[in-house]
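As numbered in the UniProt record's numbering, residues 1 to 333 make up the sequence shown, in order.
Where a beta carbon is used, it is the ideal one built from N, C-alpha and C, also for glycine.
No experiment lies behind these values; they were computed from the predicted model shown.
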Amino acid sequence: MPSQQDAAMVRTTFARVRRAVAGAAVGLCLLAACTEPGAGSIRMATGSTGGTYFPLGGEIAQLWTDHIPNVSVSTQASGASVENLRLLDQGENQLIMATNGTAAGAVEGEDIFATEPLDNPDDIVMLGNIYPEVLQIVASKESGIDSVEDLRGKRVEIGPPGSGTAVTSEHVLEAHGMSTADITAFDSTFEDAARKLGDGQVDAAMSVLAVPASSITQVATNNDVRMVRIDQAGLDKLTKDRPSYTDITIPARTYPAQQEPVRAVSNWATLYTTRDFDERTAYQLVKQLYERSGQIGHDVGAQIERDKAIDSQGPFELHPGAERYYREVGLLD
């Protein structure tokens, strides 16, 4: 009977072979301009249907399909960042969207990845940033919650399992001297979390989403809620301990009845792939994304900026195809 080590080696080799075959197929199709059905098919893992990743990912995939010859990109709904990183590691997807902080934890073996590490973390490389993702905390006014510290003892949605929201929620609680043990935690989808907040089943919901987020707009339109602030001391500790986070302000009147700006934290939503992904295709993906972002109808499309494509790169190398594009446009020397 093979040992656990032998079994792990087999899984690792199999995953690498699957990725190599997929990457080679895309590259051969581009070089040969092949036209058979399914040629150049790429699958990208996004997020839950109630979040930003899924609809935005669908528009980006369509843009690529429309403008890169012989390449067809489809999307897959998922639990978002954590699950996506595992799908990429296992060779199930060639592209993923993930928060840069969660991705950094994956390659460095931190957070949930400390006990359940990836098989091939060093194989993951960066293509580029998409938009800033903001942790937005919404509470019912009757709950009396005004700041993160007020969440103690309350019923709080912290994000779906396998999502960047769940990881970020724990980081923010930790920066305020708390953990999920100090709240009654729920892990619903973004849509269900908003519904439960509106129905009074929970006191607050934490969501890492683009600003503005449609789910928050909807719940704020139909219910008496408030945006919850992160105190300066908590922000300082979080950004010091975890440099992938940045301080951000949600402007006043972003949501119905929001009269004041709200302090929050942000990560980047970033595109990742693996080292063996075809270089010519990677070059075209980033080129078309940043040069045609104005064609994206989603509200977040306006936040996709080439000049910020490699901000907060963290522990990742750039894919050679992406690096070639960034050198051509002057982002790299």
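Separation of the CB atoms of Val286 and Leu127 is rounded to 6 Å, and the pair is thereby assigned contact status at 8 Å.
Within the stretch 70-114, the complete beta strand (DSSP E) runs of at least 3 residues fall at 72-76, 95-99. Distance from the CA atom of Gln295 to the CA atom of Ala269, rounded to whole angstroms, is 19 Å. Judged by DSSP in its simplified three-state form, Val211 adopts coil rather than helix or strand. If you draw a 10 Å sphere on the C-beta of Gly51, you find 16 or more other C-beta atoms in it, and that means buried. For Leu63, the enclosing alpha helix (DSSP H) stretches over residues 53-67.
Within the same chain, and ignoring the five residues on either side of Gly109 in sequence, the residues whose Cβ sits closer than 6 Å to its Cβ are Pro117. If you draw a straight line from the Cα of Ser163 to the Cα of Asn70, it comes to about 32 Å. Between His176 and Glu157, the CB-CB gap reaches or exceeds 8 Å. About 4 Å separates the Cβ atoms of Thr165 and Val208, confirming a contact at the 8 Å cut-off. Secondary structure note for Val134: it is in no alpha helix (DSSP H), and the uninterrupted beta strand (DSSP E) holding it is 124-140.
In this structure, the alpha-carbon of Ala194 lies about 43 Å from that of Arg327. Taking the CA atoms as reference points, Pro320 sits about 44 Å from Pro256. In terms of CA proximity to Ser188, Gly79 leads the group Glu317, Ile60, Gly79.
If you draw a straight line from the Cα of Gln136 to the Cα of Gly105, it is about 21 Å long. Remark: three or more beta-carbon pairs, one from each stretch, lie closer than 8 Å, so the stretch 46-61 and the stretch 295-313 are flagged as touching. Around the Cβ of Gly200, a 10 Å sphere holds fewer than 16 other Cβ atoms; the residue is exposed. Look at Leu318 here: in three-state DSSP terms it is strand. The beta-bridge partner set that DSSP reports for Arg155 consists of Thr184. For Ala204 and Leu151, the gap between their C-alpha atoms comes out near 8 Å.
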